[in-house]
Amino acid sequence: AQKVTQAQTEISVVEKEDVTLDCVYETRDTTYYLFWYKQPPSGELVFLIRRNSFDEQNEISGRYSWNFQKSTSSFNFTITASQVVDSAVYFCALSEAFRGNEKLTFGTGTRLTIIP
Amino acid sequence: KAGVTQTPRYLIKTRGQQVTLSCSPISGHRSVSWYQQTPGQGLQFLFEYFSETQRNKGNFPGRFSGRQFSNSRSEMNVSTLELGDSALYLCASRQVGPSSYEQYFGPGTRLTVT
Numbered sequence: 033a034q035k036v037t038q039a040q041t042e043i044s045v046v047e048k049e050d051v052t053l054d055c056v057y058e059t060r061d062t063t064y065y066l067f068w069y070k071q072p073p074s075g076e077l078v079f080l081i082r083r084n085s086f087d088e089q090n091e092i093s094g095r096y097s098w099n100f101q102k103s104t105s106s107f108n109f110t111i112t113a114s115q116v117v118d119s120a121v122y123f124c125a126l127s128e129a130f131r132g133n134e135k136l137t138f139g140t141g142t143r144l145t146i147i148p
Numbered sequence: 032k033a034g035v036t037q038t039p040r041y042l043i044k045t046r047g048q049q050v051t052l053s054c055s056p057i058s059g060h061r062s063v064s065w066y067q068q069t070p071g072q073g074l075q076f077l078f079e080y081f082s083e084t085q086r087n088k089g090n091f092p093g094r095f096s097g098r099q100f101s102n103s104r105s106e107m108n109v110s111t112l113e114l115g116d117s118a119l120y121l122c123a124s125r126q127v128g129p130s131s132y133e134q135y136f137g138p139g140t141r142l143t144v145t
């Protein structure tokens, strides 16, 4: 069975600080996808990144970066120089896509508050 | 391209009633999935439809059902509503191909059962 754990329920940082959101996953499959989504107060889940299990390269997109480590089953997300607009709930998710099963298993989310 | 649209955005129903929610996927996306989000259970997968066929189903009772039309639009239905069905229902669409693609979510329908 798949499982995604986001141990940090809530995080508050002062604007311009860096912040890392942790994600640990469990799966028996060797082939899978990992995702991060952002949910602002409006409720819509906004796609941020998808990473497949064969690609352990870290990725940077502007102020966002992701660190994927299969050895520790972690897929952490760092926001550099945080801004108030980054305040949202962030979800990490896992799918066993190569079985044709596109079901996303989500973590419980981390509520990030950026204090001006 | 227009994003995923869901109607209605808000809905209030009474216990025992039934409800139908609608989802229009992004143009060209043939797969539609539904998720339920509650404070207690978080985000949970309901089902996925592709080419008018249900491909996968989550652990929800038979009161929850769905369908997909030939234009890929999807509806989900909940019969005999219970208080615990109050939730944000999110629809997601994605492309289907040899690889896997990310799911794009709509704004959700917030259902309140009284």
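Sequence lines, in order, name chains E and D.
So for the first sequence, this note's numbering puts the first residue at 33; every next one is plus one.
So for the second sequence, this note's numbering puts the first residue at 32; every next one is plus one.
Yeah, the Cβ is synthetic: ideal placement off N, Cα and C, and Gly gets one too.
Check: Minimum Cβ-Cβ distance from residue 134 of chain D to chain E less than 8 Å; Outcome: yes
Check: Residue 91 of chain E versus residue 97 of chain E - alpha carbon distance; Outcome: 5 Å
Check: Candidates D:62, D:57, D:37, D:34, of which the one nearest residue 86 of chain D by Cα; Outcome: D:62
Check: Close Cβ partners of residue 91 of chain D (< 7 Å) along its chain, the five nearest in sequence each way excluded; Outcome: 77
Check: Cβ neighbour criterion (16 or more within 10 Å) applied to residue 93 of chain D; Outcome: exposed
Check: Start and end residues, beta strand (DSSP E) containing residue 56 of chain E; Outcome: 56-58
Check: Proximal chain E residues relative to residue 64 of chain D, where beta-carbon distance stays under 7 Å; Outcome: 134
Check: Which listed residue (D:140, D:83, D:103) has its alpha carbon closest to that of residue 120 of chain D; Outcome: D:140
Check: Per-residue contacts from residue 83 of chain E into chain D (C-beta, under 9 Å); Outcome: Near residue 83 of chain E there are no residues of chain D at all, since even the closest Cβ is about 10 Å away, more than 9 Å.
Check: Neighbour flag for residue 157 of chain E against chain D, beta carbons, 8 Å; Outcome: Residue 157 of chain E falls outside the range modelled here, since chain E spans only 33 to 148, and no answer is possible.
Check: Straight-line gap, residue 145 of chain E to residue 67 of chain D (C-alpha atoms, nearest Å); Outcome: 24 Å
Check: Any C-beta of chain E under 8 Å from that of residue 106 of chain D; Outcome: no
Check: Min CB distance residue 138 of chain D to chain E below 8 Å; Outcome: yes
Check: Neighbourhood of residue 108 of chain D by C-beta, 6 Å cutoff - its chain only, sequence neighbours within 5 removed; Outcome: 51, 96
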